[in-house]
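Heads up, the sequence shown is in the numbering used here, so the first residue is 10 and it goes up one at a time.
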Amino acid sequence: QVQLVESGGGLVQAGASLRLACAASGIMFRLADMAWYRQAPGNQREFVARITTTSITNYAESVKGRFTISRDNAKKTVYLQMNSLKPEDTSVYSCNAYASLTYDHYWGQGTQVTVSS
C-alpha cells in the first residue's frame with residue numbers, strides 16, 4: 010500500500026522559511042515523479058513544484074526563486090524548501106507521486122502552512 014506522509018507545516022510570519030517533507034512508502038520511489046500541490050480554502054488545488062526521476066524541476070511562476078524542490082531517493086523523501094514566505098502562500102500543501110511504471114497518481118493527506126502578515 011502506497012503511503013505519502015507530509016510534515017513540516019506550521020504557522021510563520023511573512024518572510025520566514027519552512028521546509029516540508031514527504032516520506033513515501035510502498036512505491037518504487039526512484040521511479041516516481043514527485044510534486045507538491047497546494048489548496049487554499051475556497052480555491053482549487055494548484056501546482057507548486059515537480060521533480061522528475063532524473064531530478065529535472067519545474068515550478069509555478071508564483072513560487073519561482075523562493076521555493077526549491079529536492080529529493081533523496083535513499084530516504085524515499087521529497088522536500089520543499091520555502092523561503093520568503095508570503096501570506097498568499099497560506100494553504101494545505103500536499104505531496105503527489107506519479108508512478109511511471111503503473112501510471113498511477115498517489116496523494117498524501119497534506120500539511121497546513123499558514124503565513125501571517
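Backbone N, C-alpha and C define an ideal beta-carbon position, used for all residues, glycine too.
- With respect to the 8 Å criterion, residue 83 and residue 36 are not classified as neighbours on the basis of their beta carbons.
- With a 10 Å radius around the Cβ and a threshold of 16 neighbouring Cβ atoms, residue 113 comes out exposed.
- Cα atoms of residue 14 and residue 75: separation of roughly 23 Å, rounded to the nearest angstrom.
- Residue 65 and residue 31 have their alpha carbons spaced roughly 18 Å apart.
- DSSP places residue 39 within a helical segment (H, G or I) once states are collapsed to three.
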